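The opening position of the sequence shown corresponds to residue 1 in the UniProt record's numbering, with each subsequent residue numbered one higher.
A virtual CB, placed ideally from N, CA and C, is assigned to each residue, including glycine.
Source: prediction; values computed, not measured.
One structure is given here, and the rest of the page talks about it.
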Amino acid sequence: MLSTESPKFDLPEKLLQALPSDPFEQLDVARKITSIALSARVDALESEVSVLQQQLADRDTIISGLESLQLDASLNEASDKLSLAQQEKESLMKENAQLSIAVKKLNRDVAT
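Written as structure tokens, this is what we have:
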């Protein structure tokens with residue numbers, strides 16, 4: 001055990017009495033305690049990393065879904081514009097045909 005002349009380290013008396021008297025054995029106990037503490041901390045950090053990776057994967061899935069929806073919306077908008085342009089083209093072609101017929105008629109009327 002520790003001698004009564006050893007300095008106080010703000011440790012409970014029971015703990016000080018439980019420590020081996022040999023300094024090297026004390027260091028070995030300290031190493032084991034440190035190893036346990038580090039192992040617990042590493043486990044906690046690995047668990048946190050796992051949770052964060054899952055959250056990241058979930059967010060990536062959400063982002064992919066939103067991008068897909070946005071692309072679908074853009075495609076629908078472009079399809080609507082194309083449909084309107086085709087309708088306008090057909091309307092203009094009909095109008096052009098009607099005007100061509102009217103011009104031919106007027107040319108015949110002028111010629112006679």
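Taking Cβ positions only, does residue i come closer than 7 Å to chain C?
i, result
"S35", "Note that chain C does not occur in the displayed structure, where there is just one protein chain."
Starting from the C-beta of residue i, find all residues in its chain whose C-beta is less than 6 Å away, skip the five residues before and the five after it, and write them out in chain order.
i, result
"K14", "none"
"A44", "none"
Give me, in chain order, the residues of the same chain whose beta-carbon lies closer than 7 Å to that of residue i; leave out the 5 immediate sequence neighbours on both sides.
i, result
"M1", "With a pLDDT of 46 at M1, under the threshold of 50, the predicted position of this residue should be treated as unreliable, and no value is reported."
"P23", "none"
Here's a check: name, in chain order, each residue in its chain whose Cβ is nearer than 8 Å to the Cβ of residue i, leaving out the five neighbours to either side.
i, result
"S79", "none"
For this session: Mind listing, in chain order, the continuous beta strand (DSSP E) runs of no fewer than 3 residues lying wholly within the stretch 41–111?
Result: none
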